[in-house]
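This report refers to the structure that appears directly beneath it.
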Amino acid sequence: TFIAPMEGYIARMLWAAAADGALPAASCDDPWGPPLDPAERTVVMTAVRDANAARG
Numbered sequence: 136t137f138i139a140p141m142e143g144y145i146a147r148m149l150w151a152a153a154a155d156g157a158l159p160a161a162s163c164d165d166p167w168g169p170p171l172d173p174a175e176r177t178v179v180m181t182a183v184r185d186a187n188a189a190r191g
């Protein structure tokens with residue numbers, strides 16, 4: 136989650152928490168962060184789901 140733009144890490148961490156089921160997806164807006172590519176959200180969510188699947 137710590138990639139350019141670095142200020143986007145908050146949204147990325149929120150996306151990861153939502154993918155893990157800790158937060159509802161509607162709670163993942165960072166109004167003060169930079170705009171991020173929607174494809175980046177898919178990458179983060181897929182990575183979390185893949186990690187959870189690997190753990191069993």
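Mapping the sequence shown onto this note's numbering, position 10 (from 1) lands on 145, and the numbers just tick up by one. All C-beta atoms in this analysis are idealised placements derived from N, C-alpha and C, irrespective of residue type, glycine included. The structure displayed is predicted, hence computed values, not measured ones.
For this session: Excluding the 5 residues preceding and the 5 following valine 183 in the sequence, name in chain order all residues of the same chain whose CB lies nearer than 7 Å to its CB.
Result: Excluding sequence neighbours, valine 183 sits near Ala151, Ala154 and Asp155.
For this session: Tell me whether the beta-carbon of leucine 149 lies closer than 9 Å to the beta-carbon of aspartate 172.
Result: No; because the gap between Cβ atoms is not below 9 Å, this pair is not in contact.
For this session: Flag this pair as yes or no: are the beta carbons of cysteine 163 and alanine 146 separated by less than 9 Å?
Result: Contact: yes.
For this session: Give a yes or no on whether the minimum CB-CB distance between asparagine 187 and chain B is below 9 Å.
Result: In summary, chain B is missing from the structure at hand, where a single protein chain is found.
Exercise. If you follow the alpha helix (DSSP H) that aspartate 145 is part of, which residue opens it and which one closes it?
Worked result: Residue 145 is actually isoleucine in this sequence, not aspartate. For isoleucine 145, the enclosing alpha helix (DSSP H) starts and ends at 144-154.
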